[in-house]
Amino acid sequence: MRQALASASLAPDAVDWVHLHGTGTRANDAMEDMAVMAVCGADTPCSSTKAYTGHTLGACGILETVLAGQCLERGFVAGCLDVTEPDPAFQSRVATANLERPLRYVLSNPFGFGGINCSLVLGSPP
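Mapping of the sequence shown onto this note's numbering: residues -15 to 110, in sequence order.
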């Protein structure tokens, strides 16, 4: 995430939404939560769209990038489907409901099988 932000010449506070990979496993989601907190802090909304698509394995990179781009274009933070209460141990700001808001930059974590372990910054600069 830090390398993606550095490559985009952005500070973490420029990110309007973190599109989590959200494996749906307690340990992996806790690790992603800790990483998001270390980079973006608790003010940036974050959520995963995995419940909308399921585990797409190697296709997660393109699918999650397209979803993040569509949300960016429409000014839409996709809330975590069927999550009414985030894990109380999480420190990041998990969006459980859909939010309509202007988005300039989205940090997307399309982690997955086959070495697709990167973060991408998608943006619509002014």
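Where is the CB? At the ideal position from N, CA and C, for every residue including glycine.
For V23, the enclosing alpha helix (DSSP H) stretches over residues R10 to C24. Each of D17, A26, E84 and T7 was checked against the Cα of L41, and the nearest Cα belongs to T7. Bridge pairing for F60: E84 [DSSP]. In the DSSP assignment, L(-6) falls outside any alpha helix (DSSP H) and carries neither an H nor an E. Where S108 is concerned, there is no enclosing beta strand (DSSP E), because DSSP gives it neither an H nor an E.
One thing to note: V50 has its Cβ no nearer than 8 Å to the Cβ of R85.
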